[in-house]
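Undergrad: Whatever position you read off the sequence shown (first residue = 1), add 123 for this note's numbering.
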Amino acid sequence: MENKAVEVRDLAKSFHGFWAVKGISFSVHRGEIFGFLGPNGAGKTTTLRIITGLSRATRGEAYVFGHSVRKEEIWVKEHIGVVPEISNLYPELSVFDNLIFIGQLYGLPKKERSERAHQLLKDFDLEQKRNVLFAKLSKGMKRRLTIAAALIHKPAIIFLDEPTTGLDVASSRHLRLLIKKLHQSGVTIFLTTHNIAEAEQLCQRIAIIVKGKIVALNTTQALKQKLPSDNLLIIKIDRTDKSLRQKLSKLSGVKTVIFENSLIRIQSDDLNSVLITIPNLLQQERVKILSVNTSSPSLEDAFVHLTGLDLELMKIDKEMKS
Ligand SMILES: Nc1ncnc2c1ncn2[C@@H]1O[C@H](COP(=O)(O)OP(=O)(O)OP(=O)(O)O)[C@@H](O)[C@H]1O
Ligand SMILES: [Mg+2]
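Written out as structure tokens, the structure reads:
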């Protein structure tokens with residue numbers, strides 16, 4: 124049995140001379156949750172669209188379970204589930220009828236599609252909404268139904284493009300739980316996200332994509348372990364100001380500085396010296412230290428370390444468009 128659910132070789136895409144994806148290679152193992160993590164405009168959706176046969180690569184190849192997307196597009200489309208950022212369901216059809224309609228498109232026999240639709244409504248907590256029009260659902264419910272519809276033909280892999288973007292905290296959590304359950308039932312999951320915490324919670328392996336290039340690819344654990352674990356300093360202070368970050372970054376021994384409200388997370392390769400210089404600097408700046416802790420690095424720390432990107436870039440959330 125083909126062990127790679129997805130294989131991508133030197134994939135590139137140019138839009139009128141602008142290279143959105145610049146020759147990337149990676150594979151997704153059967154049975155894993157694979158995260159494609161990157162800031163807005165990194166090339167996540169473009170890559171996903173090529174692998175799922177919705178767009179053509181300018182260069183390179185993509186395979187799904189060993190089948191070439193270019194040469195065997197129909198086979199690939201029949202064996203995958205795709206959940207785009209903007210729902211492809213019909214606003215004027217009910218929840219149940221949407222599932223039946225999509226089942227018809229996949230050629231499922233009448234009895235099977237009805238059974239499958241009922242099961243999916245159960246699995247995705249939508250039974251009570253079966254007769255409600257898609258247009259009248261909440262954002263979270265729309266997203267759940269769109270995922271359910273993508274599973275109607277029991278694909279072995281599902282592609283999710285930013286599944287929780289635009290949802291509130293509770294709906295996002297609910298959806299993440301459903302994604303985990305789906306994974307436990309044996310479905311391989313390819314998910315794009317710009318949410319680092321989400322990638323950390325859900326994914327076994329993560330590729331970090333920035334400006335069309337993969338800058339890191341490893342298990343979530345290994346990405347975090349790229350940072351020595353004893354070198355993270357967390358200081359709570361009573362106020363922040365813009366110049367403080369710059370001054371802290373310039374101190375010898377300081378590698379990265381991340382501000383999170385009144386918390387400063389500092390990565391250092393010389394903890395002994397910064398434990399003296401940082402409090403001195405804060406005192407000079409008349410900033411009061413409320414607490415000091417050391418901690419293991421999070422994926423956020425690894426991300427900043429690996430990409431050099433500002434975390435604020437990643438926190439920009441987009442409105443859900445459906
Ligand atoms: N059809 C297109 N025509 C021209 N440029 C495009 C097209 N689709 C995408 N791009 C450009 O390619 C780059 C990558 O876009 P893509 O949608 O793949 O990014 P993304 O990582 O999915 O970002 P986001 O987090 O905002 O969804 C962007 O600069 C985008 O403007
Ligand atoms: Mg996108």
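Ideal placement from N, C-alpha and C gives every residue a C-beta, glycine not left out.
Computed from a prediction, not measured in an experiment: that's the story for all the values here.
At a cut-off of 6 Å, would you count Thr168 as near ligand 2, judging by its Cβ distance to the nearest heavy atom?
TA: It does: the Cβ of Thr168 is within 6 Å (strictly closer) of some heavy atom of ligand 2.
Undergrad: Are Ile337 and Phe426 touching if we call contact CB-CB under 7 Å?
TA: No, the pair does not count as a contact, with Cβ atoms beyond the cut-off.
Undergrad: Just to check, is the beta-carbon of Ala165 closer than 6 Å to a non-hydrogen atom of ligand 1?
TA: Because some heavy atom of ligand 1 lies under 6 Å away, the Cβ of Ala165 counts as near it: yes.
Undergrad: State the start and end residues of the unbroken beta strand (DSSP E) segment that holds Ile223.
TA: Looking at the DSSP string, Ile223 is not in any beta strand (DSSP E); the run it does join, the alpha helix (DSSP H), is 218–228.
Undergrad: According to DSSP, Ile387 sits in a beta bridge with which residue or residues?
TA: Bridge partners of Ile387: Ile358, Phe382.
Undergrad: If I follow the unbroken beta strand (DSSP E) through Ala425, where does it start and stop?
TA: Segment 422–430 is the alpha helix (DSSP H) holding Ala425; no beta strand (DSSP E) there.
Undergrad: Whose C-beta lies closer than 8 Å to the C-beta of Ala240 among residues of the same chain, with five residues either side of it excluded?
TA: The residues are Phe219, Leu222, Ile223, Gly226, Ile275.
Undergrad: Just to confirm, does Ala320 get its C-beta within under 6 Å of one of the non-hydrogen atoms of ligand 1?
TA: No - ligand 1 has no heavy atom lying nearer than 6 Å to the Cβ of Ala320.
Undergrad: For a test of the three-state rule: what should DSSP assign to Ile439, helix, strand or coil?
TA: Residue placement at Ile439 is flagged as unreliable, the pLDDT there being 48, under the threshold of 50; the coordinate-derived value follows with that caveat. Ile439 falls in the coil class under three-state DSSP.
Undergrad: Measuring straight from C-alpha to C-alpha, what distance separates Arg267 and Val397?
TA: Looking at the two C-alpha atoms, the distance is approximately 48 Å.
Undergrad: Relative to the C-alpha of Thr363, which candidate in Phe313, Ile381, Leu301, Ser391 has its C-alpha closest?
TA: Closest by alpha carbon: Ile381.
Undergrad: When the Cα atoms are used, what is the spatial distance from Ser385 to Ala293?
TA: The straight-line gap from Cα to Cα measures roughly 25 Å.
Undergrad: Around the Cβ of His152, are there at least 16 other Cβ atoms within 10 angstroms (buried) or fewer (exposed)?
TA: With fewer than 16 Cβ atoms within 10 Å of its Cβ, His152 is classed as exposed.
Undergrad: With hydrogens ignored, establish whether the beta-carbon of His428 is closer than 6 Å to any heavy atom of ligand 1.
TA: No.
Undergrad: Say yes only if the C-beta of His202 is nearer than 6 Å to one or more non-hydrogen atoms of ligand 1, and no if none qualify.
TA: No, Cβ of His202 sits at least 6 Å from all heavy atoms of ligand 1.
Undergrad: Can you tell me whether Ala165 is helix, strand or coil according to DSSP?
TA: Here Ala165 sits in coil by DSSP.
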